[in-house]
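By our numbering, the letter at position 270 of the sequence shown is numbered 288, and the numbering carries on one by one without gaps.
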Amino acid sequence: MNELFRRYFGLLLVVLLISGIFTSPAAAAGKQFTGSEPKLYATLSGQNEFDPGTDAVLEIVLENQGTDNEALVGSLYAPYQINPTTALKTTVNLLSGDVPATVKTASYMLGDLPAGYSAPARFYVHIDENAPAGDYELNLRTEYSYTFAETMIEPGRRDYIYRDKTVDLNIPVRIKGVVKPEVISVETRNMYPGHTGDIILKIRNAGYGVGLKSSAVLSGVSGHIKPVGGSVCIGDFNPGDVSTLSFKVYVDDSIDSGVYPEEFRIVYTDEFGAEKESVSEKIGVSVGKGAKFRIVSGKSLMRPGETVTVQVEFKNTGDSTAYGAKARIIPVKPFSAATDSALLGDVKPGETASAMFTLSLASDALQIPYGLDTGIKFRDEYDNLVLSDQMMLEIDGVSGNEIVSLVTNPVSIAVIFGIIACAGYYVFTRRKVP
Numbered sequence: 019m020n021e022l023f024r025r026y027f028g029l030l031l032v033v034l035l036i037s038g039i040f041t042s043p044a045a046a047a048g049k050q051f052t053g054s055e056p057k058l059y060a061t062l063s064g065q066n067e068f069d070p071g072t073d074a075v076l077e078i079v080l081e082n083q084g085t086d087n088e089a090l091v092g093s094l095y096a097p098y099q100i101n102p103t104t105a106l107k108t109t110v111n112l113l114s115g116d117v118p119a120t121v122k123t124a125s126y127m128l129g130d131l132p133a134g135y136s137a138p139a140r141f142y143v144h145i146d147e148n149a150p151a152g153d154y155e156l157n158l159r160t161e162y163s164y165t166f167a168e169t170m171i172e173p174g175r176r177d178y179i180y181r182d183k184t185v186d187l188n189i190p191v192r193i194k195g196v197v198k199p200e201v202i203s204v205e206t207r208n209m210y211p212g213h214t215g216d217i218i219l220k221i222r223n224a225g226y227g228v229g230l231k232s233s234a235v236l237s238g239v240s241g242h243i244k245p246v247g248g249s250v251c252i253g254d255f256n257p258g259d260v261s262t263l264s265f266k267v268y269v270d271d272s273i274d275s276g277v278y279p280e281e282f283r284i285v286y287t288d289e290f291g292a293e294k295e296s297v298s299e300k301i302g303v304s305v306g307k308g309a310k311f312r313i314v315s316g317k318s319l320m321r322p323g324e325t326v327t328v329q330v331e332f333k334n335t336g337d338s339t340a341y342g343a344k345a346r347i348i349p350v351k352p353f354s355a356a357t358d359s360a361l362l363g364d365v366k367p368g369e370t371a372s373a374m375f376t377l378s379l380a381s382d383a384l385q386i387p388y389g390l391d392t393g394i395k396f397r398d399e400y401d402n403l404v405l406s407d408q409m410m411l412e413i414d415g416v417s418g419n420e421i422v423s424l425v426t427n428p429v430s431i432a433v434i435f436g437i438i439a440c441a442g443y444y445v446f447t448r449r450k451v452p
């Protein structure tokens, strides 16, 4: 009897255990999905190589490659309403990380992204001007939520447990090496209004690119400094190389002395055979006054009918030397000149040179102030012939012997003849009176 009872009791216990195993899912409070969740991958659509100093538009495609493990093994539940592999409320944000670049676009909302689907996100990025060449990785920070588990509240009603997740995805990019000119020094020679001069630049390739068959081009952006020749040949311009350039230019004769803005750029072939131009580099170009002259001696005095040697002092008030200077005076009536030119030689800035002119003033000249034009021609340091501005030499006509002046002065002569005529008429009429 006891043995039979034990057998029935054991059989009942086994049945209850088996029944509990098969009925536990229906009675359970909830169920976790068997590893099903979103799997996100990011790829860059289009090129991934960029030049320093440029703006780039990056279109990144985010793809959900999540796998529904419940569907693979078969679920004991009725089909769920929210797939655990769907990335919910997906937001992406591009971070520059160690890339020498600035991301100008804020975070991007993509929304829900089911498994097997993709969505694009566009970001605007500026590559730093001094970015070293090399391979880098941008960081696409992806934030989303997904259904981690579901709970059966009652037949036909479910409650879901969500989890938030942040995933950083790497976007590989490459920054190419470019030629970047850096100015070490700027010098000028013979840069004066109306002259042809030189702008001498010493530059370094501060970039990370090799410039093959390189040449430098002056832009002439100021409009006052005009390149005379074409580009200046450099040749191969490797990173760190230093080169000296000399641009031949003409300076507009209508401008004043001062510093004028200019730009230059490097035209070259890169290591892949592509024709390229560097960014323009700004420089300040100094324009001087050149050699300028003015008369510093006082007025000269001359009497009508007199021939004298006049000494005229010319001072170089400019900022360059006048080489082989020669002064000339232009006599006009009532003046004449036995010597109308004089050699001054080399006149440095601030120096004074004397010229001797032999002048004659006609005897019938009026005793009034006169002005005679004078000028100086000279050569600059490039042996170009230059003419100075016209200057006025002031000469006062003064009286000498009063009797001679009275007799030779046309006005005096006219007055005397008038008096004689009146006197003669008076005498003639008086004789006719009885």
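For every residue, glycine included, the Cβ atom is placed at its ideal position computed from N, Cα and C.
| query | result |
| --- | --- |
| Quick check on residue 127: buried or exposed, where buried means 16 or more other Cβ atoms within 10 Å of its Cβ? | exposed |
| Which of helix, strand or coil does DSSP assign to residue 437? | helix |
| Alpha carbon to alpha carbon, how far is residue 147 from residue 181? Give it in angstroms, no decimals. | 42 angstroms |
| Helix or strand or just coil, what does DSSP make of residue 164? | strand |
| So, using beta-carbon positions, are residue 136 and residue 79 closer together than 8 angstroms? | yes |
| Skipping 5 residues on each side, what residues in its chain have a beta carbon closer than 6 angstroms to that of residue 256? | 228 |
| With which residues is residue 387 paired in a DSSP beta bridge? | 414 |
| On the three-state DSSP scale, how would you describe residue 256? | coil |
| So is residue 437 buried or exposed if we call it buried at 16+ other beta carbons inside 10 Å? | exposed |
| I'd like to know whether the C-beta atoms of residue 225 and residue 197 end up nearer to each other than 8 angstroms. | yes |
| By DSSP's criteria, residue 346 is part of a beta bridge. Which residues make up the other side? | 359, 393 |
| Beta strand (DSSP E) containing residue 210: first to last residue? | Per DSSP, residue 210 belongs to no beta strand (DSSP E) and is neither H nor E. |
| In whole angstroms, what is the alpha-carbon distance linking residue 113 and residue 75? | 14 angstroms |
| Would you mind working out which of 327, 267, 188, 367 sits nearest residue 117, comparing C-alpha positions? | 188 |
| Would you call residue 292 buried or exposed, if buried means 16 or more other Cβ atoms sit within 10 Å of its Cβ? | exposed |
| On the DSSP bridge assignment, give the partners of residue 329 in chain order. | 374 |
| Leaving out five residues on either side along the sequence, give the residues of the same chain with a beta carbon under 6 angstroms from the beta carbon of residue 283. | 235, 295, 296, 298 |
| Are residue 274 and residue 212 touching if we call contact CB-CB under 8 angstroms? | no |
| According to DSSP, is residue 39 part of a helix, a strand, or is it coil? | Because the pLDDT of residue 39 is 42, which lies under 50, any placement of that residue in the model is unreliable, and the number read from its coordinates should be weighed accordingly. Residue 39: helix per DSSP, three-state reduction. |
| Could you name the residues of the same chain whose beta carbon sits closer than 7 angstroms to that of residue 203, not counting the 5 residues immediately before and after it, in chain order? | 220 |
| Take the Cβ of residue 374 as the centre, count every other Cβ of all protein chains shown within 10 Å, and call the residue buried at 16 or more, exposed below. | exposed |
| Tell me, which residues are paired with residue 248 by DSSP? | Bridge partners of residue 248: none, in fact. |
| Span of the beta strand (DSSP E) holding residue 144? | 136-145 |
| Quick one: grab the DSSP three-state call for residue 148. | coil |
| Please report the distance separating the alpha-carbon of residue 440 from that of residue 381. | 27 angstroms |
| Since I believe residue 160 is in contact with residue 201 (beta carbons under 8 angstroms), could you give me their beta-carbon distance rounded to a whole number of angstroms? | The Cβ separation is near 45 angstroms, so there is no contact. |
| Go ahead and pull the three-state DSSP assignment for residue 101. | coil |
| Which residue marks the beginning of the beta strand (DSSP E) containing residue 123, and which one marks its end? | Note, residue 123: premise wrong, no beta strand (DSSP E); not H, not E. |
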